[in-house]
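Residue numbers (my numbering): 1 to 52.
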């Protein structure tokens, strides 16, 4: 099943390209999200760390 549900919007022949059929293809493989170090909370002067 098409998880994007594009078939609910577009059906049949492509309206813009040589009368071809519309297709939904998977996006290209991405990159893993890097694990970044935690950063301290930053607040206005006079406020303490809200996680403490």
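Think of the CB as a built atom: it goes at the ideal place given N, C-alpha and C, for glycine as much as any other residue. No experiment lies behind these values; they were computed from the predicted model shown.
Residues of its chain near residue 27, where Cβ-Cβ distance is below 6 Å and the 5 sequence neighbours each way are ignored: none
Nearest-angstrom beta carbon gap, residue 24 and residue 6 [assumed within contact, 8 Å]: Beta-carbon to beta-carbon, residue 6 and residue 24 are separated by about 5 Å, close enough to satisfy the 8 Å threshold.
Alpha carbon of residue 29 to alpha carbon of residue 36, nearest angstrom: Using only the alpha carbons, I get a separation of about 21 Å.
Own chain, CB closer than 7 Å to residue 33, minus 5 neighbours either side, in chain order: none
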